[in-house]
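Worksheet: one structure, shown below.
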Amino acid sequence: MTWRIVPRSEKKTEMVDIPAAVLTVAPQLRHENLPNEVGLLLPTNNGPRQLIDAIVGTPQICNGSMLGLFLADPLLNLAREEKRLSAAGVKWITNLPSTEQQDVDFSQQLSDVGLDIRRERDVLARLRSQEFRIAAVVSDVAGAVQMSEIKPEVVIVIPRVADFAAGFPSLHQRGTVTQEVSLALRDAGWSGVLLGLGETSELCHERQWPDTLDGLICRPELVSLASA
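Note that the working numbering has the sequence shown beginning at 180, numbered continuously upward.
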């Protein structure tokens, strides 16, 4: 799937080095009542290896895009995959999908077995040490503070699964969380590009975006790898 990134008008020059999109796997189970953002977290999906294999086999798939991988996967052979991704020309990596998107109770259960945002943070930090550029996905203040420790160039705010219970979260709801995350990041001394999830219909209404956002990352669209 492709998640398009669109900078705020006055931020276009500042964000010229930011990829135009994030490329992730698509959910195996799709239904009109199941948002792709939620379906991406189901255990029926393929792990990061399949997408990495596709990128390595056809590097142009990722041209101009950031690669989104499930970095908490305990089966991810990072030493092997970072070399393959570097050889394929991948420059940017982010933790999408993320354990941060899960409901709080389930996130705690994942944390109890070491499959949580701290694992994702540590993997991102290692990738950065290997000259990859990194973006960090967060869903709340606590996650933002943890990710600020590794100083990602970009922070992406994605709503939790529970926030989709009544449909796509309202602009007000998303804006409230974004504001809280922005303040926490500022207090932590982080400075960088802040993106929030939005509808493509919101692209024409920048004045309605939360003031703290530098741009939107649009809801994902299904594409075939051949056309990505």
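Built from N, CA and C at the ideal position, the CB exists for glycine as well.
Put simply, the region 236 to 251 does not touch the region 338 to 353. Fewer than three CB pairs are less than 8 Å apart. Counting along the chain, T273 sits inside the beta strand (DSSP E) bounded by residues 271 to 273.
Under DSSP, T355 forms no beta bridge with any residue.
By the CB criterion at 7 Å, G394 and P186 fall inside the cutoff. Cβ neighbours of L401 within its own chain (closer than 6 Å, five residues either side excluded): M180, A205. Approximately 6 Å separates the beta-carbon atoms of L255 and P227; this is inside 8 Å, confirming the contact. DSSP places G268 in the coil class of the three-state scheme, outside both helix and strand.
Its Cα nearest to that of V302, the residue Q325 stands out among Q281, S318, C397, Q325. Per the coordinates, the alpha-carbon of A304 lies some 12 Å from the alpha-carbon of I296. Here C383 is exposed: its Cβ has fewer than 16 other Cβ atoms, across all protein chains shown, within 10 Å. By the Cβ criterion, the region 226 to 245 is not in contact with the region 358 to 366, since fewer than three pairs of Cβ atoms, one from each stretch, lie closer than 8 Å. Here M194 has P186, V372, D393, G394 as same chain residues with Cβ atoms under 7 Å from its own Cβ, once five neighbours each way along the sequence are excluded.
Judged by DSSP secondary structure, S244 falls within the beta strand (DSSP E) whose first and last residues are 244 to 247. For P399, no beta strand (DSSP E) segment is defined, and its DSSP state is neither H nor E.
Contact between R300 and I329 holds: their C-beta atoms lie close to 6 Å from each other, under 8 Å. Annotation: the continuous beta strand (DSSP E) that includes I313 extends over 312 to 317.
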